[in-house]
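Student: In our numbering, the protein residues as written are 5 to 88.
The structure follows.
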């Protein structure tokens, strides 16, 4: 299982099989603005599909966003403890 699938599954709250299916579905569409399938239109599956779309169409934003999710809280903690 790829790291992208694992991250999408954990962040969206679905299983890895659903995350893999969302990535495969996004990759299969020719038109980026097309409507998602019905199974990915509500709830955790919709979050999964949105993350899969970003990971497929804008991988730089996906990975930089994940990096920022880790880095920003770490910098805040560093600021608090350093100047505390």
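Even for Gly, the Cβ is constructed at its ideal location relative to N, Cα and C.
As the structure is a computational prediction, the values presented were derived from the model and not from experiment.
Ignore the nearest five residues each way along the sequence and tell me which others in residue 19's own chain have a CB closer than 8 Å to its CB.
Tutor: The residue labelled residue 19 in the question sits at position 15 within the chain shown. So the qualifying residues of the chain are 13.
Student: Taking C-alpha atoms, which residue in 59, 64, 46 and 6 lies nearest to residue 30?
Tutor: On the chain shown, position 26 is the one that residue 30 refers to. Closest by alpha carbon: 59.
Student: Taking its Cβ as the centre, do 16 or more other Cβ atoms sit within 10 Å of residue 44, making it buried, or is it exposed?
Tutor: Counting from one through the chain shown, the residue named residue 44 turns up at place 40. Per the 10 Å Cβ criterion, buried.
Student: Check residue 34 in the structure and name its three-state DSSP category.
Tutor: To locate residue 34, count along the chain shown from 1; it is residue 30. Looking at residue 34 - three-state DSSP - the assignment turns out to be coil, as it is neither helix nor strand.
Student: Could you tell me whether the Cβ atoms of residue 48 and residue 16 are closer together than 8 Å?
Tutor: Here residue 48 corresponds to residue number 44 of the chain shown, with the count starting at 1. Here residue 16 corresponds to residue number 12 of the chain shown, with the count starting at 1. Yes; because the gap between Cβ atoms is below 8 Å, this pair is in contact.
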